Amino acid sequence: MAEKIVIIGAGQAGAQAVQSLRAEGFDGPITMVGDESFPPYQRPPLSKAYLLGSFERPRLFLKADNYYAETGCELILNTNAKAIHRAERQVELTDGRKLAYHKLLLATGARVRKLKCPGADLPGVHYLKTIADVDGLQRDFVAGKRIAIVGGGYIGLEVAAVGAKRGLDVTVFEAMDRLMARAVSPDLSAFYAAEHEKAGVTLKLRTGVEAIEGTDKVTGIVAGGQSYAADLVLVGIGVVPCQELAEAAGLGCTDGIVVDQNARTGDPHIWAAGDCTRHVGREGHEIRLECVQNAIDQAKHAAYSMVGKPKTYSEVPWFWSDQYDLKLQIAGLARPTDTLVRRGDPVARKFAVFHLRDGAVAAVEAVNAAPEYMIGKKLVAEGKKIAAETLADTSIPMKQMA
Amino acid sequence: MSQAKYKVTYVEENGTAHTVEVAEGWSLMEGAVKHLIPGIDADCGGACACATCQVYVAPGWEDKLPPKTDMEETMLDFAPDVRPGSRLSCQLRMSANLDGIVLNLPRTQHA
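Residue numbers (my numbering), protein chains in the order written: chain A, 1 to 402; chain B, 1 to 111.
Below you can see the structure in the form of structure tokens.
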């Protein structure tokens, strides 16, 4: 009898796993369970072109409508998994159904971290993670409205850029002393702060949010002890891994479902991939990555392992963000102790920051600088040592550094 | 609201040809993905961030395409097996004057 694979979670990792399982020759039945009403779709455009209105909904979907039927993958949508019965090798769904599996992939993703302050539940307080979230936000996202954005990370700043473009009055509240502090070096934070201010966005750094004001809907926000009028609020303060199902089943979880370099959990029949996981990264320590790259690569590795052809997951993490006409591309994971080398001039809106660790390129952040990003990613993968003066010298083409 | 659609032929490295219809304004990468054409990975979903949707535009069609942006040019520099006619299909939008375009696919999108 053909083995049966069940995938919990219908996001980027789930879709990639289906594709890779088929590409690797698995021809048994697959069932994918998702709690949203849509088949797997791309989330990155949600806070960018889809919110702006320049990218229609049908284009979000990762696969053709008939893909799942054609490939023999049953899609169960609007449904969540309630429990994993490991001894019986069954997943119990919220509708009471029980799905038997030989192999199980948990691709449950992450959920938004909720704001916990007075007024946080008022109508007009929005989050951005799903199509439904954006469609809800869209109704209030109108020129002339005052939007208070809580959190100066990727999501908050991408929404700020779209909001400024669409003629909203935008204020970003960030508790740290700089933008995207968790993701980029101080150079880039300063550069992006200037760009947002140039576009008319008001930035309030070192300003934690204390309350949302309003009786039946949002009318303002209290931050740093001061009250600001607002018609709507967008909260972008990070995500937390959806690990409850795994945890309840007794699988190891520490801020993420713990997996090895083949995306295996401690149960030989269960794998996990994407935002929901914590794994030992290529640098040898445990990390939790929230990005498309990890969803794709880890799902591929889960598939390789599930079909008995495991390879070690050691791909370089990469990220991108679109704000205004600026394309930010990052490869590798920076550390605060890295030596920073700037190449190019931020004034020209085209530059990169390289991170050197023990003389080797450990990460690169590139703004409108594709060669620096592409070659940089390669240098990170190889752990190549390059002198700081050489990297900084724009008269030497990036190609010559590869 | 019905969108105009035009024909595109994607040819796999082994010679298998797939002729499909792609809606005006969609990218030729999206056209391939929606029609389950093997050989276009498009890891980043069309953000010009990954260079995994390379195609070889058949001779005669290059002039009908918009010129490469700096970003596409430099991303392509690092895609595997770049040849004359190489483009990133996520950067090419379907339009009436591309009706019938033929795109050859590389053996792999990953170096």
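All C-beta atoms, glycine included, are put in the ideal place defined by N, C-alpha and C.
These figures come from a predicted structure and were not determined experimentally.
The stretch 198–206 of chain A contacting the stretch 156–165 of chain A, beta-carbon criterion three pairs below 8 Å:
yes
Which class does F78 (chain B) belong to by DSSP, given the choice of helix, strand or coil?
coil
Check whether the Cβ of I375 (chain A) lies closer than 8 Å to any Cβ atom in chain C.
The structure shown contains no chain C; the protein chains it does contain are A and B.
Is K48 (chain A) buried or exposed, if buried means 16 or more other CB atoms sit within 10 Å of its CB?
buried
Environment of A2 (chain A) [buried if 16+ CB atoms lie within 10 Å]:
Counting of Cβ neighbours within 10 angstroms places A2 (chain A) among the exposed residues, the total staying below 16.
Opening and closing residue of the alpha helix (DSSP H) in which G136 (chain A) lies
Segment 131–140, the alpha helix (DSSP H) holding G136 (chain A).
Please list the terminal residues of the continuous beta strand (DSSP E) segment that includes D63 (chain B).
D63 (chain B) -> no beta strand (DSSP E), and no H or E assigned at all.
Grab me the residues of D35 (chain A)'s own chain with a C-beta within less than 6 Å of its C-beta, minus the 5 sequence neighbours each way, in chain order.
N80
Taking only beta-carbon positions, decide if E3 (chain A) is within less than 8 Å of chain B.
no
Would you check whether the ligand SAM has a heavy atom nearer than 7 Å to the C-beta of A23 (chain B)?
This structure lacks the ligand SAM, and indeed carries no ligand of any kind.
Mind checking if K5 (chain B) is an interface residue toward chain A, Cβ cutoff 8 Å exclusive?
no
Against chain B, does Y67 (chain A) count as a neighbour if the rule is that its beta carbon must be under 8 Å from one of theirs?
yes
Going by Cα to Cα distance, which pick from A:I270, A:T337, A:K327, A:L379 is closest to A369 (chain A)?
A:K327
For the stretch 378–388 of chain A against the stretch 89–109 of chain B, do three or more pairs of beta-carbon atoms, one drawn from each stretch, fall closer than 8 Å, so that the two count as touching?
no
Where the alpha helix (DSSP H) through A49 (chain A) begins and ends:
49–52
Secondary structure at S27 (chain B), three-state DSSP: helix, strand or coil?
strand
Along chain A, which residues have their Cβ under 7 Å away from the Cβ of K34 (chain B)?
A64
With DSSP as the reference, label A249 (chain A) as helix, strand or coil.
coil
What is the rounded straight-line gap between the Cα of G238 (chain A) and the Cα of V367 (chain A)?
23 Å
Starting from the Cα of T312 (chain A), find the closest Cα among A:M180, A:H301, A:Q42, A:I330 and give me that residue.
A:H301
Close beta carbons around Q293 (chain A), own chain, < 6 Å, minus the five adjacent residues each side
P317, W318
Counting along the chain, where does the alpha helix (DSSP H) carrying G14 (chain A) start and finish?
Unbroken alpha helix (DSSP H) run through G14 (chain A): 12–23.
For L60 (chain A) and P39 (chain A), which I take to be in contact (beta-carbon distance under 8 Å), what is that distance rounded to the nearest angstrom?
Not a contact, Cβ separation roughly 10 Å.
If you draw a straight line from the alpha carbon of H110 (chain B) to that of Q16 (chain A), how long is it in whole angstroms?
Distance from the CA of H110 (chain B) to the CA of Q16 (chain A), rounded to the nearest whole angstrom, comes to 16 Å.
Flag this pair as yes or no: are the beta carbons of V353 (chain A) and L333 (chain A) separated by less than 8 Å?
no
Where does the unbroken alpha helix (DSSP H) through M398 (chain A) begin, and where does it stop?
Looking at the DSSP string, M398 (chain A) is not in any alpha helix (DSSP H), and its letter there is neither H nor E.
For a contact meaning CB atoms closer than 8 Å, what does M71 (chain B) contact in chain A?
K327, N368, A370
Using the beta-carbon of each residue, which ones in chain A are nearer than 9 Å to D81 (chain B)?
What D81 (chain B) touches in chain A: nothing, since even the nearest Cβ is about 15 Å away.
Which of helix, strand or coil DSSP assigns to N66 (chain A)
coil
Give the residues of chain B in contact with I296 (chain A), contact being defined as C-beta atoms less than 8 Å apart.
D43
Do A362 (chain A) and D338 (chain A) have their CB atoms nearer than 8 Å?
yes
Can you confirm whether M75 (chain B), when its beta carbon is compared against all beta carbons of chain A, has any partner nearer than 8 Å?
yes
Enclosing alpha helix (DSSP H) for D297 (chain A) [first to last residue]:
292–306
By Cβ distance below 8 Å, which residues in the same chain neighbour R89 (chain A) in space, the five residues on each side in sequence not counted?
A100, Y101, H102, L104, H269
Would you mind giving the Cβ-Cβ distance between L103 (chain B) and Y6 (chain B), rounded to the nearest angstrom? I have them listed as a contact below 8 Å.
That pair is no contact at about 13 Å.
Within 8 Å (strictly less), CB to CB, does W61 (chain B) reach chain A?
no
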